[in-house]
Amino acid sequence: MNSGAMPQEPAEGWAVRRARRGLWALAGERLLEGLIYLCGISAIVFVLGIFFFVFREAFPVLGKENFSLTQFLFSEQWYPTSATNKRYGVLAMIAGTLSVTALAMVLAVPFGLGAAIYISEFCGSRVKETLKIVIELLAAIPSVVWGFVGLTVMSRLIVQYTGAPVGVNILNGGIILALMSVPIIVSIGEDALKAVPDQYREAGIALGATRWQLVWRVLLPAAKTGLLAAVLLGVGRAVGETMAVLMATGHAVHIPHSLLDSVRTLTANIAAELGEAPEGSDHYRVLFLTGVLLFTLTFIVNLTADFIVRGIRKK
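Here the sequence shown is numbered in our numbering, starting from 21 and rising by one per residue.
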């Protein structure tokens with residue numbers, strides 16, 4: 021027998037170590053699955069927690085005799101600090117929010133989707149990288165800086181070229197919100213177009229389609245779900261924006277009749293008055309109720325989009 025030979029490892033010891041490795045691997049897999057599950061449900065928990073907090077602060081005012089939910093939703097009179105007759109009507113602010121958001125989307129969606137199509141399908145690699153950097157820089161500009169642009173630059177241009185008495189109005193806020201929403205629409209829209217398989221492009225070219233025919237007939241129908249998501253994210257940005265519209269829209273409480281009218285949005289109203297409302301007062305509670313209304317509007321937009329996306333997928 022060779023005395024220098026390594027001793028043979030018992031088969032039982034090797035099997036035990038293998039079983040232990042298997043148990044550790046299984047425990048690690050279960051732990052990772054639990055962590056992923058926790059991360060998945062955390063978003064739901066956080067949203068429900070935020071809604072619970074906001075609704076808890078707003079709920080006490082709903083039982084007050086001097087508060088009417090109908091007047092809150094359908095009256096345009098907002099006098100929360102009146103000494104004799106307090107009135108809490110947000111109809112004018114709802115109209116202001118919807119008008120500014122609608123104008124912003126009318127401007128942002130064509131430019132955003134057009135820029136996404138150009139970056140994805142038409143421009144060269146150097147131009148693409150340059151444009152993507154510029155778009156990311158636009159997305160990184162703080163909203164208060166956009167508000168200063170609207171207050172100092174856009175307002176003067178609007179007064180000069182439209183003859184409006186003041187330059188802070190729906191047109192100013194809509195342009196600023198459009199500029200803020202375009203980067204999101206471009207980024208998500210480009211990702212949606214890039215996700216279309218190359219076989220679609222190759223098949224379209226093989227059939228003799230031009231570039232524009234390929235985009236219109238092939239890529240847009242194939243990426244319509246992602247493009248819709250891009251538009252809805254832009255809508256969400258416009259609806260939830262605060263500082264820019266607070267500085268660019270004039271902050272006047274009345275229902276607008278033209279693009280040159282000053283308005284006040286729901287978010288701007290909360291930002292402007294929550295710091296001055298005494299904690300626990302009716303004014304304080306109504307501002308939180310306005311937050312519940314914003315939450316509900318956002319939920320309706322997302323739910324509508326979900327139904328639209330499901331209908332598109334079925335087709």
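By construction, the Cβ of each residue, glycine as well, lies at the ideal position given by its N, Cα and C atoms.
At least 8 Å separates the beta-carbon of residue 201 from that of residue 284. In the assembly as shown, residue 117 is a buried residue. Its beta-carbon has 16 or more other beta-carbons within 10 Å.
Secondary structure in the segment 198-226: no beta strand (DSSP E) run of 3 residues or longer lies completely within the stretch. The beta-carbon distance between residue 268 and residue 125, rounded to whole angstroms, is 16 Å. This is too long to meet the 8 Å contact definition. With a threshold of 16 other beta carbon atoms within 10 Å, residue 203 meets it and is buried. The Cβ-Cβ distance between residue 113 and residue 286 falls below 8 Å.
Listed in chain order, the non-local C-beta contacts of residue 289 below 6 Å within the same chain comprise 113, local neighbours out to five positions each way being set aside.
Look at residue 270 here: in three-state DSSP terms it is strand. Close CB contacts of residue 273 within its chain, under the 6 Å cut and outside five residues either way in sequence, are with 98, 112 and 284 (chain order). Comparing alpha carbon positions, the residue from 260, 152 and 223 closest to residue 163 is 260.
Check the Cα spacing between residue 157 and each of 181, 207 and 187: the tightest is with 207. Taking 8 Å as the cut-off, the beta carbon of residue 280 is found closer than this to the beta carbon of residue 191. It is roughly 10 Å from the alpha-carbon of residue 222 to the alpha-carbon of residue 228. It is roughly 29 Å from the alpha-carbon of residue 172 to the alpha-carbon of residue 311. Residue 322 is classed as exposed because its beta carbon has fewer than 16 other beta carbons within 10 Å across all chains shown.
A residue is called buried once 16 or more other Cβ atoms fall within 10 Å of its Cβ, and residue 149, having fewer, is exposed. Straight through space, the alpha carbons of residue 320 and residue 122 are spaced by roughly 16 Å. In this structure residue 309 is not in contact with residue 67, their Cβ atoms being roughly 18 Å apart against a cut-off of 8 Å. Assignment of residue 284 by DSSP, reduced to helix, strand and coil, places it in the coil class.
The Cβ neighbour count for residue 70, taken over all protein chains shown within 10 Å, is under 16; the residue is labelled exposed.
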